[in-house]
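Peer 1: Per the UniProt record's numbering: the sequence shown = residues 1 to 228.
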Amino acid sequence: MLQLWLEIPALLGYLKGQTFHKPFSKEEEAACIERFLGGDEQARLDLIERNMRLVAHVVKKFHPKHEQLDDYISIGTIGLMKAVESYTPDKKTRLATYAARCIENEILMHLRTQKKVQKDVSLFEPIGTDKDGNALQIRDLLQCDEESATEKIEHKEHVAQLYHYLHMLDERELEIVTLRYGLNQQDALTQKEIAARLNISRSYVSRIEKRALIKLYQLYKRDQKSIE
Numbered sequence: 001m002l003q004l005w006l007e008i009p010a011l012l013g014y015l016k017g018q019t020f021h022k023p024f025s026k027e028e029e030a031a032c033i034e035r036f037l038g039g040d041e042q043a044r045l046d047l048i049e050r051n052m053r054l055v056a057h058v059v060k061k062f063h064p065k066h067e068q069l070d071d072y073i074s075i076g077t078i079g080l081m082k083a084v085e086s087y088t089p090d091k092k093t094r095l096a097t098y099a100a101r102c103i104e105n106e107i108l109m110h111l112r113t114q115k116k117v118q119k120d121v122s123l124f125e126p127i128g129t130d131k132d133g134n135a136l137q138i139r140d141l142l143q144c145d146e147e148s149a150t151e152k153i154e155h156k157e158h159v160a161q162l163y164h165y166l167h168m169l170d171e172r173e174l175e176i177v178t179l180r181y182g183l184n185q186q187d188a189l190t191q192k193e194i195a196a197r198l199n200i201s202r203s204y205v206s207r208i209e210k211r212a213l214i215k216l217y218q219l220y221k222r223d224q225k226s227i228e
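What follows is the structure, given as structure tokens:
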């Protein structure tokens, strides 16, 4: 459930460093898609990595301010992940064409939500899907209303997993992630708001946030390997 959210920090390296993989040829892409549809997890990651340049291309069309770039990249990457996971060959178009639309739609949805509620949308970003295939958001792990007994147990397990990882961060990392994603019943804050509250620079907040998310990602991947 947390995989989508936790994979983003590692994938951001492609955009920040502009170290893009060469796109697949039509034949290579078709073969990789076939492996992914057959359950090959590495094929899914390969499809995402080989199309990361699309995120940069689409984000540039929105001309984000420097301080907005991280959010746009994260949201665009989510759009790419969702495109890869929902794409099938019967769509009669190349994955890149389909993914570009998904990336753009994800950013547009973010902008509409941001304009409507006038607050950071981190809690509303998809991090996976529930048992029915519906989008699962960070806020869904932190609050639940009408649920079956099984769903409540699953919910508690996901919350426990999330907070287990969080408490392996150092004090400053935990503080910033908590403020940034509105954990512990607090309102989510932007990096700029956190910087003002803690009397530090926004760039410093950004560095700590990335470091914390990468650490969470590494912990998650470690546990996944132990399960396998």
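Just so it is clear, CB atoms sit at the ideal spot from N, CA and C, and this is done for glycine as well.
Pull up the distance between the alpha-carbon of Phe61 and that of Leu166, whole angstroms please.
Peer 2: As a first step, residue 61 must be located in the sequence shown, where it is residue number 61. As a first step, residue 166 must be located in the sequence shown, where it is residue number 166. It should be pointed out that residue 61 corresponds to Lys in this sequence rather than to Phe. Going by the C-alpha atoms only, they are around 35 Å apart.
Peer 1: So is Lys91 buried or exposed if we call it buried at 16+ other beta carbons inside 10 Å?
Peer 2: As a first step, residue 91 must be located in the sequence shown, where it is residue number 91. Exposed, since its Cβ has fewer than 16 Cβ neighbours within 10 Å.
Peer 1: So, are the CB atoms of Ala212 and Glu171 less than 8 Å apart?
Peer 2: Along the sequence shown, read from residue 1 onward, the residue named residue 212 stands at position 212. Along the sequence shown, read from residue 1 onward, the residue named residue 171 stands at position 171. No, the pair does not count as a contact, with Cβ atoms beyond the cut-off.
Peer 1: Kindly indicate which three-state DSSP category His21 falls into: helix, strand or coil?
Peer 2: In the sequence shown, counting from the first residue as 1, residue 21 sits at position 21. Of the three classes helix, strand and coil, the one that applies to His21 here is coil, per DSSP.
Peer 1: Alpha helix (DSSP H) containing His167: first to last residue?
Peer 2: Translated into positions along the sequence shown, residue 167 becomes position 167. Per DSSP, His167 belongs to no alpha helix (DSSP H) and is neither H nor E.
Peer 1: Report, in whole angstroms, the separation of the C-beta atoms of Gln186 and Thr178, which I expect to be a contact under 8 Å.
Peer 2: By one-based count along the sequence shown, residue 186 stands at place 186. By one-based count along the sequence shown, residue 178 stands at place 178. Indeed, because the Cβ distance is near 7 Å, the residues count as touching under 8 Å.
Peer 1: Tell me whether Asp46 sits in a helix, a strand or coil according to DSSP, three-state version.
Peer 2: Position 46 of the sequence shown holds residue 46. Helix.
Peer 1: Around the Cβ of Asp145, are there at least 16 other Cβ atoms within 10 angstroms (buried) or fewer (exposed)?
Peer 2: By one-based count along the sequence shown, residue 145 stands at place 145. Here Asp145 scores only 42 on pLDDT, less than 50, and its place in the model should not be relied on; the value that follows carries that caveat. Looking at its Cβ environment, which holds fewer than 16 other Cβ atoms inside 10 Å, Asp145 is exposed.
Peer 1: Using C-beta distances below 8 Å, list every residue in its chain close to Arg44, excluding the 5 sequence neighbours before and after it, in chain order.
Peer 2: Translated into the one-based positions of the sequence shown, residue 44 becomes position 44. Here the set comprises Phe36, Val84 and Glu85.
Peer 1: What residue range is occupied by the uninterrupted alpha helix (DSSP H) comprising Gln191?
Peer 2: Here residue 191 refers to the residue found at position 191 when the sequence shown is read from its first residue. Element bounds for Gln191: Gln191 to Leu198.
Peer 1: Scan the region 28-81 and note each continuous alpha helix (DSSP H) run of 4 residues or more that stays entirely inside, going in chain order.
Peer 2: Fully enclosed alpha helix (DSSP H) runs of 4 or longer: 41-49 and 52-61.
Peer 1: Compare the Cα-Cα distances from residue 251 to each of Ile176, His110 and Val55 and report the closest residue.
Peer 2: Since the first and last residues shown for the chain are 1 and 228, residue 251 lies out of range.
Peer 1: If I measure Cβ to Cβ from Pro64 and keep anything under 6 Å in the same chain, skipping five residues before and after, which residues do I get?
Peer 2: Locating residue 64 in the sequence shown gives position 64, counting from the first residue. Taken in chain order, the residues that qualify are Tyr72.
Peer 1: Label Arg112 either buried or exposed according to how many other C-beta atoms from any shown protein chain fall within 10 Å of its C-beta, with 16 as the threshold for buried.
Peer 2: Taking the sequence shown and counting its residues from 1, the one referred to as residue 112 is at position 112. So Arg112 counts as exposed.
Peer 1: Buried or exposed: Ser203, going by 16 or more other Cβ atoms within 10 Å of its Cβ?
Peer 2: By 1-based counting over the sequence shown, the position of residue 203 is 203. By the 10 Å Cβ count, Ser203 comes out exposed.
Peer 1: Whole-angstrom Cβ separation of Ile200 and Arg180, contact assumed at under 8 Å?
Peer 2: For this step, residue 200 is matched to residue 200 along the sequence shown. For this step, residue 180 is matched to residue 180 along the sequence shown. Going by Cβ atoms, the distance from Ile200 to Arg180 rounds to 13 Å, so no, they are not a contact pair.
Peer 1: Measure from the alpha carbon of Met81 to the alpha carbon of each residue in Leu169, Lys215, Arg50 and Met168, then state which is nearest.
Peer 2: Translated into the one-based positions of the sequence shown, residue 81 becomes position 81. Comparing Cα positions, the closest option is Arg50.
Peer 1: Going by DSSP in three states, Tyr87 sits in which element: helix, strand or coil?
Peer 2: For the purposes of this step, residue 87 is taken as the residue at position 87 of the sequence shown. Reduced to three states, the DSSP call for Tyr87 is coil.
Peer 1: Among Thr77, Lys26, His110 and Leu219, whose alpha-carbon lies nearest the alpha-carbon of Arg53?
Peer 2: The residue given as residue 53 occupies position 53 in the sequence shown. Looking at the Cα atoms, Thr77 is the closest of the given residues.
Peer 1: Alpha carbon to alpha carbon, how far is Ala188 from Ile107?
Peer 2: If you number the sequence shown from 1, residue 188 lands on position 188. If you number the sequence shown from 1, residue 107 lands on position 107. Rounded to whole angstroms, Ala188 to Ile107 spans 19 Å at the Cα level.
Peer 1: Determine the contact status of Glu104 and Val55, defining contact as a CB-CB distance below 8 Å.
Peer 2: Counting from 1 along the sequence shown, the entry for residue 104 is found at position 104. Counting from 1 along the sequence shown, the entry for residue 55 is found at position 55. Contact flag unset, no.
Peer 1: Leu183 by DSSP, collapsed to three states: which one?
Peer 2: Counting from 1 along the sequence shown, the entry for residue 183 is found at position 183. The answer is coil: DSSP assigns Leu183 none of H, G, I, E or B.
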